[in-house]
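There are 2 protein chains.
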Amino acid sequence: MLNVVSKDEAVGIVKNKTNRAVPKSEKVNIENALGRTLCEDIVSPENVPAFDRTTVDGYAVRADDTFGASASIPAQLEIAGEILMGENAGFSLESGKCVKISTGGMLPAGANAAVMVEHTDNADGLCLVYKSVAPYENVTKTGDDIANGETALKKGTVITPAEIGILASLGVYEIPVYKKPVIAIISTGDEIVKGDIKAGQIRDVNTYLLSSAVQSFGCTPYVYGAVRDDYEEIRNAVSVCLEKADAVIVSGGSSAGARDMTVKIIDELGEVFFHGIAMKPGKPTIFGTVNGKPVFGLPGHPLAAYFVFRLIVCEYIKQIMNLPEEKSIKNAVLSVNIPSNHGREEYLCVKLNENGEAVPLHTKSGIISVLRQAEGFIKIPRDSEGIDRGTTVGIYRL
Amino acid sequence: MLNVVSKDEAVGIVKNKTNRAVPKSEKVNIENALGRTLCEDIVSPENVPAFDRTTVDGYAVRADDTFGASASIPAQLEIAGEILMGENAGFSLESGKCVKISTGGMLPAGANAAVMVEHTDNADGLCLVYKSVAPYENVTKTGDDIANGETALKKGTVITPAEIGILASLGVYEIPVYKKPVIAIISTGDEIVKGDIKAGQIRDVNTYLLSSAVQSFGCTPYVYGAVRDDYEEIRNAVSVCLEKADAVIVSGGSSAGARDMTVKIIDELGEVFFHGIAMKPGKPTIFGTVNGKPVFGLPGHPLAAYFVFRLIVCEYIKQIMNLPEEKSIKNAVLSVNIPSNHGREEYLCVKLNENGEAVPLHTKSGIISVLRQAEGFIKIPRDSEGIDRGTTVGIYRL
Numbered sequence: 466m467l468n469v470v471s472k473d474e475a476v477g478i479v480k481n482k483t484n485r486a487v488p489k490s491e492k493v494n495i496e497n498a499l500g501r502t503l504c505e506d507i508v509s510p511e512n513v514p515a516f517d518r519t520t521v522d523g524y525a526v527r528a529d530d531t532f533g534a535s536a537s538i539p540a541q542l543e544i545a546g547e548i549l550m551g552e553n554a555g556f557s558l559e560s561g562k563c564v565k566i567s568t569g570g571m572l573p574a575g576a577n578a579a580v581m582v583e584h585t586d587n588a589d590g591l592c593l594v595y596k597s598v599a600p601y602e603n604v605t606k607t608g609d610d611i612a613n614g615e616t617a618l619k620k621g622t623v624i625t626p627a628e629i630g631i632l633a634s635l636g637v638y639e640i641p642v643y644k645k646p647v648i649a650i651i652s653t654g655d656e657i658v659k660g661d662i663k664a665g666q667i668r669d670v671n672t673y674l675l676s677s678a679v680q681s682f683g684c685t686p687y688v689y690g691a692v693r694d695d696y697e698e699i700r701n702a703v704s705v706c707l708e709k710a711d712a713v714i715v716s717g718g719s720s721a722g723a724r725d726m727t728v729k730i731i732d733e734l735g736e737v738f739f740h741g742i743a744m745k746p747g748k749p750t751i752f753g754t755v756n757g758k759p760v761f762g763l764p765g766h767p768l769a770a771y772f773v774f775r776l777i778v779c780e781y782i783k784q785i786m787n788l789p790e791e792k793s794i795k796n797a798v799l800s801v802n803i804p805s806n807h808g809r810e811e812y813l814c815v816k817l818n819e820n821g822e823a824v825p826l827h828t829k830s831g832i833i834s835v836l837r838q839a840e841g842f843i844k845i846p847r848d849s850e851g852i853d854r855g856t857t858v859g860i861y862r863l
Numbered sequence: 466m467l468n469v470v471s472k473d474e475a476v477g478i479v480k481n482k483t484n485r486a487v488p489k490s491e492k493v494n495i496e497n498a499l500g501r502t503l504c505e506d507i508v509s510p511e512n513v514p515a516f517d518r519t520t521v522d523g524y525a526v527r528a529d530d531t532f533g534a535s536a537s538i539p540a541q542l543e544i545a546g547e548i549l550m551g552e553n554a555g556f557s558l559e560s561g562k563c564v565k566i567s568t569g570g571m572l573p574a575g576a577n578a579a580v581m582v583e584h585t586d587n588a589d590g591l592c593l594v595y596k597s598v599a600p601y602e603n604v605t606k607t608g609d610d611i612a613n614g615e616t617a618l619k620k621g622t623v624i625t626p627a628e629i630g631i632l633a634s635l636g637v638y639e640i641p642v643y644k645k646p647v648i649a650i651i652s653t654g655d656e657i658v659k660g661d662i663k664a665g666q667i668r669d670v671n672t673y674l675l676s677s678a679v680q681s682f683g684c685t686p687y688v689y690g691a692v693r694d695d696y697e698e699i700r701n702a703v704s705v706c707l708e709k710a711d712a713v714i715v716s717g718g719s720s721a722g723a724r725d726m727t728v729k730i731i732d733e734l735g736e737v738f739f740h741g742i743a744m745k746p747g748k749p750t751i752f753g754t755v756n757g758k759p760v761f762g763l764p765g766h767p768l769a770a771y772f773v774f775r776l777i778v779c780e781y782i783k784q785i786m787n788l789p790e791e792k793s794i795k796n797a798v799l800s801v802n803i804p805s806n807h808g809r810e811e812y813l814c815v816k817l818n819e820n821g822e823a824v825p826l827h828t829k830s831g832i833i834s835v836l837r838q839a840e841g842f843i844k845i846p847r848d849s850e851g852i853d854r855g856t857t858v859g860i861y862r863l
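So the protein lines, in turn, are chains A and B.
So for the first sequence, this note's numbering puts the first residue at 466; every next one is plus one.
So for the second sequence, this note's numbering puts the first residue at 466; every next one is plus one.
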């Protein structure tokens, strides 16, 4: 039953076996859209801005009326009135005339530039222009920001304040987003408890660690809690979670026997696709599906469980929400040589030293405090003997 | 009344005038703590792990009983029983004996190492050990992860899944965090509307942009909405917001007259400390306090308003929540020369090209779509003539 695959094979299998999962969508109000993921392209229904606007306080002019103007020989334009903010100019500017305008105001037809008030004088109803302007100088043209029919935002974009601003400028207040997938978390192990611990026991970390990780990657956690290494208890937990959630994570148990239970349960309820990934940490990872819903068996060690979440479960999340390929958050030069075991991909937490170099945070398995010092993690490829000091490495978000 | 300051002076004034604001704290359940900011150091009340644990499946041993063991001359140890997961060993291991143990199990007193099951054979109640282990090999010692009395997490830390995991491992389920400051947003301008627009009008972007920005920096927005450039209306809005919120942002108006209104209103209700910052974008920024509560007057242009939020308002947020100094999110080499106006600090959105170089996104003022392409922004110092192509620049989070 032990079917060990490479990390890339594992990702391929996860993507392949979950690609029929139809992403569900919903509309949310713009005020609740931060952090959600667009499930459709947003095509602009109009030009932004919808009219030629001035970017300065001053006068709207026909640019050629100012050509040749200088401090000694100003152009003289008749002031034909004032355009107030938010008002439609509603007339056409004739040659030889100008109209007072504030930043953001609408240029009248005929006008194609704006002169800054600082470069003018007002002499008895005449505007003296001391500096010529080129056509469209100091003007944001219709559609300059976002053109009618342009794809303003792409499907799969995670909504940050920038996207909120763009949606607001388009008047799109009901935002089509993916429903948050619900991911259930079961933490198993006879030694795992919540609250006060006795000798030999250890607190349940994975329930909290993984449910917050699920949240921070845009999904909704369904927290089942901790269960003992008991076949019936785990089987029951998995069944309940399959009802409540779109995917299930079973972390632990730490003993070999407990891991076999998870494999057997998935196999009984559905199908197991692999048991074991050539990665470190994360080797004892299990993946299967039950009625098309993925079930992930993660190691019991919090750090290992977290890496499997990031490298395997996140691929499922990225697939169903159409998220873009992940890029490193920064690059840095490695401060030391890192040896590695050929044949498995390896992940190491790193921090940056005072020279901005990446320093690996070595740790015994099970230790979680290393996460709090880490800037992110680096990957050591499967077929490498390690990475030499001085090599530039990509650092990924934890 | 126009009192223009440098950006650094502006930050100094904002910090100085708001440092008496007592940060308010509350306790939240660990399940709701993601993204919040710790308001106290978390000192570990115990050792994690609370006992010496094995990191492998195999046998707990006294290391010196294995010294000299090899494949040809294995050490022979009497198997004194098994320690189950979550159980207190409850006895002391005598010399010449070993005990079966699973990963994460508690070492009995006397034992100081673990032998991997792969390096042993079981022969009629005797364990043959083919490989010696050093003291504490394959063991996580008591307190190795987090020691009793150690500062596990520092005040001012923003809680990510890593911190959630550490808190759970310590059994700290009620988390002391800063209350989210409430920041009110008022968007002003005669041309600003929500929904359908007529010629000359423009949609209210700042209400949505700034309230999501407030959210994404860990605060709660109080959305007042858009008001016209009317003295009484704005004054009333500011008064209402001062009742409801810890700080108030007034964005716009775009006309010089409207900006003067905001200054006059703050001056009437409290005190204005500066009007104008030597920064680009962001020059017409206003700052004052009313009864100790900060009131920020931001430019009407969304991009400029956003930069002032990030560079000035965020300094207030960082101060009251004790957040650490901001670091650049990544560094990159500049793809082109950037000229700059001596005498003011300048900010530019940049994207990365295919070579990983930072490319400035030039834009007319008022254009917001530039935000969606940007990887972040760079700073051009006040007393520089610009930055040369090839210079490494820090890119900051937008």
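Quick reminder that beta carbons are idealized off the backbone N, C-alpha and C, glycines included.
It should be emphasised that the depicted structure is a prediction, and the values quoted were computed from it without experimental measurement.
{"Asked": "In angstroms, rounded to a whole number, what distance separates the CA positions of Thr519 (chain B) and Thr607 (chain B)?", "Found": "11 Å"}
{"Asked": "Report back the beta-carbon spacing between Lys844 (chain A) and Glu810 (chain A) to the nearest angstrom; my notes put them in contact at under 8 Å.", "Found": "6 Å"}
{"Asked": "Using 9 Å as the limit for Cβ to Cβ distance, is Met571 (chain A) near chain D?", "Found": "No chain D appears in the structure shown, which is made up of the protein chains A and B."}
{"Asked": "Under DSSP, the beta strand (DSSP E) around Cys814 (chain A) begins and ends at which residues?", "Found": "Glu810 to Leu817"}
{"Asked": "Taking only runs of the beta strand (DSSP E) that begin and end inside the segment 729-782 of chain A, which ones reach a length of at least 3 residues, in chain order?", "Found": "736-740, 751-755 and 758-763"}
{"Asked": "I need the DSSP call for Ser436 (chain B), collapsed to helix, strand or coil.", "Found": "Any property of residue 436 (chain B) remains undetermined from this structure, which presents chain B solely from 466 to 863."}
{"Asked": "Verify the CB distance criterion: does Asp530 (chain B) have a CB-CB separation below 9 Å to chain A?", "Found": "no"}
{"Asked": "Is Lys748 (chain B) close to chain A? Criterion is C-beta to C-beta, closer than 9 Å.", "Found": "no"}
{"Asked": "Kindly list the residues whose CB is nearer than 8 Å to the CB of Pro626 (chain B), restricted to its own chain and excluding five residues on each side of it in sequence; keep chain order.", "Found": "Leu499"}
{"Asked": "Please state the DSSP three-state secondary structure of Ala702 (chain A).", "Found": "helix"}
{"Asked": "What first and last residue would you give for the alpha helix (DSSP H) that runs through Asp473 (chain A)?", "Found": "Lys472 to Thr483"}
{"Asked": "Closest Cβ-Cβ distance between Met466 (chain A) and chain B: below 9 Å?", "Found": "Reliability fails at Met466 (chain A), whose pLDDT of 48 lies under 50, so the model's placement of it is uncertain and no value is given."}
{"Asked": "Using a Cβ-Cβ cutoff of 8 Å, what residues of the segment 676-698 of chain A are near chain B? List them in chain order.", "Found": "Ser676, Ser677, Ala678, Gln680, Ser681, Val688 and Asp694"}
{"Asked": "Between the Cα of Asp848 (chain B) and those of B:Pro825, B:Leu788, B:Pro514 and B:Gly808, spot the shortest distance and give me the residue it belongs to.", "Found": "B:Gly808"}
{"Asked": "Under the rule that 16 or more other beta-carbon atoms within 10 Å means buried, what is Asn497 (chain B), buried or exposed?", "Found": "exposed"}
{"Asked": "Whole angstroms is fine: what's the gap from Ser557 (chain B)'s alpha carbon to Asp522 (chain B)'s?", "Found": "20 Å"}
{"Asked": "For Ala574 (chain B), name the three-state secondary structure that DSSP assigns.", "Found": "strand"}
{"Asked": "Determine whether the Cβ of Leu826 (chain A) lies closer than 9 Å to any Cβ atom of chain B.", "Found": "no"}
{"Asked": "Quick one: complete alpha helix (DSSP H) runs, 4+ long, within the segment 582-642 of chain B?", "Found": "626-635"}
{"Asked": "How is the alpha helix (DSSP H) around Thr672 (chain B) delimited, first residue to last?", "Found": "Asn671 to Ser681"}
{"Asked": "For Lys619 (chain B), does the count of other Cβ atoms within 10 angstroms reach 16, so buried, or fall short, so exposed?", "Found": "exposed"}
{"Asked": "Taking the alpha-carbon positions, what's the Cys684 (chain A) to Ile852 (chain A) distance?", "Found": "35 Å"}
{"Asked": "Thr531 (chain A) by DSSP, collapsed to three states: which one?", "Found": "coil"}
{"Asked": "Give the single residue among A:Phe532, A:Pro573, A:Thr856 and A:Val755 whose Cα lies nearest to the Cα of Ala797 (chain A).", "Found": "A:Thr856"}
{"Asked": "Going along the segment 542-560 of chain B in order, which residues come within less than 9 Å of chain A, judged by CB to CB distance?", "Found": "Ile548, Leu549, Met550, Gly551, Glu552, Asn553, Ala554 and Gly555"}
{"Asked": "Cβ of Tyr812 (chain B) within 9 Å of Cβ of Met744 (chain B)?", "Found": "yes"}
{"Asked": "Using a threshold of 9 Å, state whether the C-beta atoms of Leu635 (chain B) and Val715 (chain B) are closer than that.", "Found": "no"}
{"Asked": "Glu474 (chain A) to Tyr781 (chain A), Cα distance in whole Å?", "Found": "14 Å"}
{"Asked": "By DSSP's criteria, Gly523 (chain B) is part of a beta bridge. Which residues make up the other side?", "Found": "B:Ile566 and B:Met581"}
{"Asked": "Is any beta-carbon of chain A found at less than 9 Å from that of Val647 (chain B)?", "Found": "no"}
{"Asked": "Whose C-beta lies closer than 7 Å to the C-beta of Arg527 (chain B) among residues of the same chain, with five residues either side of it excluded?", "Found": "Leu558, Ser560, Gly575, Ala576 and Asn577"}
{"Asked": "Just the chain A side, please: which residues come within less than 7 Å of Arg847 (chain B) by C-beta, in chain order?", "Found": "Residues of chain A passing the Cβ test: none, with the nearest at roughly 22 Å."}
{"Asked": "Do we get a CB-CB distance below 9 Å when we pair Asp473 (chain B) with the residues of chain A?", "Found": "no"}
{"Asked": "Note down, in chain order, each residue of its chain lying with its Cβ closer than 7 Å to the Cβ of Ser805 (chain A), except the 5 sequence neighbours on either side.", "Found": "Glu811, Ile845, Ser849, Glu850 and Gly851"}
{"Asked": "Just to confirm, are Gly665 (chain A) and Gly546 (chain B) a CB contact at a threshold of 9 Å?", "Found": "no"}
{"Asked": "Going along chain B, which residues have a C-beta under 7 Å from Arg837 (chain A)?", "Found": "Leu618, Ala627, Glu628 and Ile631"}
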